[in-house]
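Positions 60 to 181 (our numbering) are the ones given, in order, by the sequence shown.
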Amino acid sequence: MEESQAAATGDWGCELGDELAIKPMPMVFSEVAGKKLSASIISEKLAACVNIVPALHNLLIPQVQTDAEELLIIKTRESLLNALTEHVKANHEYDVPEVIALPISGGNLKYLEWLKNSTREK
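Structure representation (structure tokens):
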């Protein structure tokens, strides 16, 4: 399979295994909390990269309540999701932090290789 085909299909190639790249996306209460949590995630090698998207506004139930939060977009491997979730829960200011993950179904094979090589094994 050519590199461009591998990138389009999400195949990491034989040398990288069959693991899926994912984007977990927790919300945090403040910029300070987002930077602190992101730094701890990177220092533990639970992710290769964290983007912080500032000043998002959420409408929450049960009351219609608007809160400003920061969104962390984390790039990591599926095998690290449980460890990452536990890390977020242990280091988050919310009792029940949002940790959801979306699959990365394809992309630049060199970037996906970097992502895998920049994170720890389970």
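Yeah, the Cβ is synthetic: ideal placement off N, Cα and C, and Gly gets one too. Since the model is a prediction, treat every value here as computed from it, not as a measurement.
Closest Cα partner of residue i within the set the options
{"i": "GLU145", "options": "ASP77, PRO83, LEU118, GLU78", "result": "PRO83"}
{"i": "TRP173", "options": "LYS94, LEU118, LYS134", "result": "LYS134"}
{"i": "VAL91", "options": "ASN176, LYS175, ASN150", "result": "ASN150"}
Min CB distance residue i to chain E below 8 Å
{"i": "GLU128", "result": "This model lacks chain E altogether, as it is built from one protein chain only."}
Same chain, Cβ closer than 7 Å to residue i, five either side skipped, listed in chain order
{"i": "SER138", "result": "GLU78, LYS181"}
{"i": "ALA160", "result": "ILE81, LYS82, PRO83, LEU140"}
{"i": "GLU128", "result": "MET86, VAL87, PHE88, LEU115, ASN117"}
{"i": "VAL158", "result": "PRO83, PRO85, THR144, VAL147"}
{"i": "PRO156", "result": "PRO85, VAL147, LYS148"}
Whole-number beta carbon distance between residue j and residue i, since they are thought to touch under 8 Å
{"i": "ILE163", "j": "ILE81", "result": "6 Å"}
{"i": "MET86", "j": "LEU119", "result": "Not confirmed; about 10 Å, so no contact."}
6 Å CB neighbourhood of residue i in its chain, flanking five on each side removed
{"i": "GLN64", "result": "Annotation note: pLDDT 44 at GLN64 (below 50); position unreliable, no value reported."}
{"i": "SER153", "result": "Strictly speaking, residue 153 in this sequence is Tyr, with Ser absent from that position. Hits under 6 Å: none found."}
{"i": "ASP126", "result": "ASN117"}
Sequence-distant residues of the same chain with beta carbon closer than 8 Å to residue i, five excluded per side
{"i": "THR178", "result": "LYS104, LEU105, ALA106, ALA107, THR135, ARG136, LEU139"}
Check whether the segment 93-101 touches the segment 139-159, taking contact to mean three or more Cβ pairs, one atom from each stretch, closer than 8 Å. Because the criterion of three Cβ pairs below 8 Å is met, the segment 93-101 and the segment 139-159 touch.
For the segment 103-115 against the segment 150-169, are there 3 or more C-beta pairs whose distance is under 8 Å? No, the segment 103-115 is not in contact with the segment 150-169.
Mind listing, in chain order, the continuous beta strand (DSSP E) runs of no fewer than 3 residues lying wholly within the segment 99-146? DSSP runs (the beta strand (DSSP E)) wholly in the segment 99-146: 108-119, 124-136.
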